[in-house]
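See structure below.
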Amino acid sequence: MGVRSAWRELWRSNPEPMPKPRARMFGGAQSSRLTSDWVTSVTSADQEIKGSLKRLRSRSRQLVRDNDYAKSTVRVVRNAVVGTGVRLQAQIRRQRGGKLDTRLNEQIEKAWSNWGRKDSCNTAGQLCFADIEKLAVSSMCESGEVFVRIVRQKFGRSKVNFALEILEADQLDEDYQSPARTAGSVWRMGIEIDRFGRALNYAFLSRHPGDTAFPTQAKERRHIIVPAKDVVHLFDRASGRPGQTRGVPWLSSGMQRMHHLDGWEQASVVRARASSALMGFITSPEGELDPGGEVYDNERVSGFEPGQFKYLQPGESVSIPDMDSPTGEYEPFLRAQLRALASGVGCSYETISNDYSQSNYSSSRLALLQDRDNWRSIQQLMREQFYQPIYEAWLEMAVLSGALNLPTYETEPERYEAVRWVFRGYSYVDPQKEIAAQKAAVRSGFKTLADCVAENGGDLDELLVARQAELAKLDEMNIITDTDPSAVNGSGASQYKPVNTIDAFGDTPPPSGDDAGNVGEEESGNY
């Protein structure tokens, strides 16, 4: 018997087919009829972004213009991250002793504050530095990115050859193609990067590509090549992919939901209006009283208004659709869509919708604390990508312009670049418990007073100076309040007790000390 005959006999004795071996893989990677419409790709981050970036930006802006919840999202992010602005605290220390150099720190802070006026820090003379901060965060959320160009030139009353120009993301030509200016580099969506991915140059359009309604007669170059040292490219790199060159709008994952929500709301309003317009139809053997009616382009026009009754021709009938929708569908659908949008942005549903009807104190507090973690993450991004680079470039030009006299800046610039950015603080969720916890943390050495004050957006040095002046004014006017722990204890009783006096029971009170009669070391003789 040959080999083929042997296999044939084996197959006849086992007519059922042998099971095929299955390859081991993750369930999410298997292909079946249920996942046939799951379209995926293995392209790079820039390849995926390039074909979608313009449409994503335009749709995101349309939503922010026309959708209340999308507009609220951008406003919430802006207010939660920068609030009314971020304050600078110079942290220059003396070379001997390591203490803060108050004179130099105040000199730098004053110069920074003067430069931050709108006629000085902005090339257009329209935005103060606090406005630039807000616009940068709003643009990063709405458009995915924003560009801040450093212009080394005086504007307005500025004493520093330094100003900022805010450029929208559209003005960077993502279709720019030109030979690379440096060996080994390549132009990628308007940015020239080297082989390590570092930005070298930016190709900006001389005018906004959508600014066609305001033509100019002046001849100008189509592109302006700006070196990377003069550009602050702000977008969330940490939440993207490695090698990603451009930023995408933060609303991109929720755009379809918001678009469908707009359609749902519009249909609901139209249906409600139609169902509330009570109308009646009358038929008679004679037909309409006015058979002519209004005629436009050989077609009869019928207008319907609430409470109106119309006459019909003999034999005509009217079919009125059921305009009533199932009750209780709108609000659950709205909440589901907004929860998804909030999750994509990184905040809670209650923050965007201002709807606390479905939450209690504990859940609202937990959501608020989680939101703050996200806001602090964005603040860290702003500190590293926006504030610190701009400050370091400003400080250099302030010294070169003679606005600041820093003796050893040329040899040790790092010493003068030490700065602390004080972001907006967040109010207490449960003040009584949180203040008690901060007090215990300070007494235990786990925190400093400066940490506690900074968490609420304050400055310890300013607080102490103001506190000292307040207490001196109270002493001068001989006023005692329960906010002075040296005069009144926590229960409001005076800390001062007369010595060697007899109380109402004829007993001599203990020496001055706390309420329990404990005295200090000097009073007890223990030195």
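Taken in order, the sequence shown gives residues 773 to 1299; the numbers are from the numbering used here. Cβ atoms here follow ideal geometry from the backbone N, Cα and C, with glycine treated the same way.
Reduced DSSP category for Q949 - H, G, I as helix; E, B as strand; rest coil: Translated into the one-based positions of the sequence shown, residue 949 becomes position 177. Three-state result, Q949: coil.
Between the Cα of N973 and the Cα atoms of E946, D983, T1183, F986, which residue gives the shortest distance? Working through the sequence shown from its first residue, we reach residue 973 at position 201. With distances taken between Cα atoms, N973 lies closest to E946.
For P1302 and G1217, I'd like the C-alpha separation in whole angstroms. Residue 1302 is absent from the model: the chain starts at 773 and stops at 1299.
Just reading off the alpha helix (DSSP H) that V1117 is part of, what are its end residues? Counting from one through the sequence shown, the residue named residue 1117 turns up at place 345. 1102-1117 is the extent of the alpha helix (DSSP H) around V1117.
At least three beta-carbon pairs within less than 8 Å, the region 1123-1135 to the region 862-870: no
For the putative contact between E940 and S911, defined by C-beta atoms under 8 Å, what is the C-beta separation to the nearest angstrom? In the sequence shown, the residue the question calls residue 940 occupies position 168. In the sequence shown, the residue the question calls residue 911 occupies position 139. With 8 Å as the limit, E940 and S911 qualify as a contact, their Cβ atoms being about 7 Å apart.
Start-end ranges of the beta strand (DSSP E) lying completely within the region 821-906, minimum 3 residues: 859-862
Using beta-carbon positions only, say whether Y1121 and R1111 come within less than 8 Å of one another. The residue given as residue 1121 occupies position 349 in the sequence shown. The residue given as residue 1111 occupies position 339 in the sequence shown. Contact flag set, yes.
Ends of the alpha helix (DSSP H) at V1171? If you number the sequence shown from 1, residue 1171 lands on position 399. First-last of the alpha helix (DSSP H) with V1171: 1160-1172.
Alpha-carbon spacing of C1224 relative to V1201, whole angstroms: As a first step, residue 1224 is located in the sequence shown; it is residue number 452 there, counting from the start. As a first step, residue 1201 is located in the sequence shown; it is residue number 429 there, counting from the start. Between C1224 and V1201, the C-alpha separation is close to 15 Å.
Give the single residue among D1145, R1043, P1104 whose Cα lies nearest to the Cα of C1119. Residue numbering aside, residue 1119 sits at position 347 when the sequence shown is read from its first letter. Here the closest residue by C-alpha is D1145.
According to DSSP, is L1023 helix, strand or coil? Here the question's residue 1023 lines up with position 251 in the sequence shown. Here L1023 sits in coil by DSSP.
Euclidean distance between Cα positions of A902 and M961: Here the question's residue 902 lines up with position 130 in the sequence shown. Here the question's residue 961 lines up with position 189 in the sequence shown. Going from the Cα of A902 to the Cα of M961 covers about 30 Å.
Among V1020, A908, F1105, R1029, which residue has its Cα nearest to the Cα of K822? Taking the sequence shown and counting its residues from 1, one reaches residue 822 at position 50. Nearest of V1020, A908, F1105, R1029 to K822, Cα basis: V1020.
Distance between Q1240 and E1234 (C-alpha atoms, nearest Å): Your numbering for residue 1234 matches position 462 in the sequence shown. Your numbering for residue 1240 matches position 468 in the sequence shown. Cα to Cα, the separation comes out at about 10 Å.
Does the separation of the CB atoms of E937 and R953 fall below 8 Å? Translated into the one-based positions of the sequence shown, residue 937 becomes position 165. Translated into the one-based positions of the sequence shown, residue 953 becomes position 181. Not a contact, by the Cβ cut-off of 8 Å.
Below 7 Å CB to CB, which residues in the same chain sit around V848 once its five sequence neighbours on both sides are set aside? Along the sequence shown, read from residue 1 onward, the residue named residue 848 stands at position 76. The residues are C1119, T1123, I1124.
If distances are taken between C-alpha atoms only, which option among Y948, M1154, F927 comes closest to A1010? The count along the sequence shown starts at 1 and reaches residue 1010 at position 238. The shortest Cα separation from A1010 among Y948, M1154, F927 belongs to M1154.
Among M1169, N1126, G1026, which residue has its Cα nearest to the Cα of S1115? If you number the sequence shown from 1, residue 1115 lands on position 343. For S1115, the nearest C-alpha among the options comes from G1026.
Looking only at its own chain, which residues have a Cβ that is under 7 Å from the Cβ of E1164, when we skip the five neighbours before and after it? Position 392 of the sequence shown, counting from 1, holds the residue named residue 1164. Answer for E1164: E1189, listed in chain order.
DSSP puts A935 in a beta bridge; with which residues? Looking up residue 935 in the sequence shown gives position 163. In the DSSP output, where bridge partners are listed per residue, A935 has V923.
For my contact list, G956 and D942 are in at a C-beta cut-off of 8 Å; report their separation, rounded to the angstrom. Counted from its first residue, the sequence shown places residue 956 at position 184. Counted from its first residue, the sequence shown places residue 942 at position 170. Contact flag wrong, Cβ pair sits at about 29 Å.
Whose CA, out of R831, K1001, G855, lies closest to the CA of R1148? Sequence index remark: in the sequence shown, residue 1148 carries index 376 (1-based). That would be G855, whose Cα lies nearest to the Cα of R1148.
Measuring only the C-alpha atoms, how far is R1045 from Q1038? Residue mapping note: residue 1045 aligns to position 273 of the sequence shown, counting from 1. Residue mapping note: residue 1038 aligns to position 266 of the sequence shown, counting from 1. About 11 Å.
Nearest to V1003 by alpha carbon, out of G928, R993, A1213, A935? Taking the sequence shown and counting its residues from 1, the one referred to as residue 1003 is at position 231. If we check each option's Cα against that of V1003, A935 comes out closest.
Y1188 - containing alpha helix (DSSP H), residue span: What you label residue 1188 is simply residue 416 of the sequence shown in a count that begins at 1. Residues 1185-1188.
Any chance the CB of R970 is under 7 Å from a heavy atom of the ligand HEM? You won't find the ligand HEM in this model; it holds no ligand whatsoever.
Please report how far the alpha carbon of K1205 lies from the alpha carbon of A1212, in whole angstroms. Position 433 of the sequence shown holds residue 1205. Position 440 of the sequence shown holds residue 1212. So the two alpha carbons sit approximately 11 Å from each other.
Do you know offhand how far K926's Cα is from A908's? Your numbering for residue 926 matches position 154 in the sequence shown. Your numbering for residue 908 matches position 136 in the sequence shown. Near 22 Å, if we compare the C-alpha coordinates of A908 and K926.
Would you mind sorting E914 into buried or exposed? The rule is 16 or more other CB atoms within 10 Å of its CB. For the purposes of this step, residue 914 is identified with residue 142 of the sequence shown, where counting begins at 1. With 16 or more Cβ atoms within 10 Å of its Cβ, E914 is classed as buried.
Going by the beta-carbon positions, is the gap between L1236 and Y841 smaller than 8 Å? Against the sequence shown, residue 1236 aligns to sequence position 464. Against the sequence shown, residue 841 aligns to sequence position 69. In this structure, Y841 does not lie closer than 8 Å to L1236 by Cβ.
Run the CB neighbour count on E1156, radius 10 Å, all protein chains shown included, and call it buried at 16 or more, exposed below. Taking the first residue of the sequence shown as position 1, residue 1156 is located at position 384. Its Cβ having fewer than 16 others within 10 Å, E1156 is exposed.
Could you pull the DSSP bridge partners for R1144 from this structure? On the sequence shown, residue 1144 is found 372 positions in, with the first residue counted as 1. The partner list for R1144 (beta bridge, DSSP) is empty, contrary to what the question assumes.
What is the residue span of the beta strand (DSSP E) that N1004 lies within? Here residue 1004 refers to the residue found at position 232 when the sequence shown is read from its first residue. The identity of residue 1004 in the sequence shown is Val, whereas the question assumes Asn. That run of the beta strand (DSSP E) goes 1003-1006.
Starting from Y1121 and walking both ways along the alpha helix (DSSP H), at which residues does that stretch end? In the sequence shown, counting from the first residue as 1, residue 1121 sits at position 349. That run of the alpha helix (DSSP H) goes 1121-1125.
Using DSSP with H/G/I as helix, E/B as strand and the rest coil, what is Y974? Here residue 974 corresponds to residue number 202 of the sequence shown, with the count starting at 1. Note: Y974 maps to strand in three-state DSSP.
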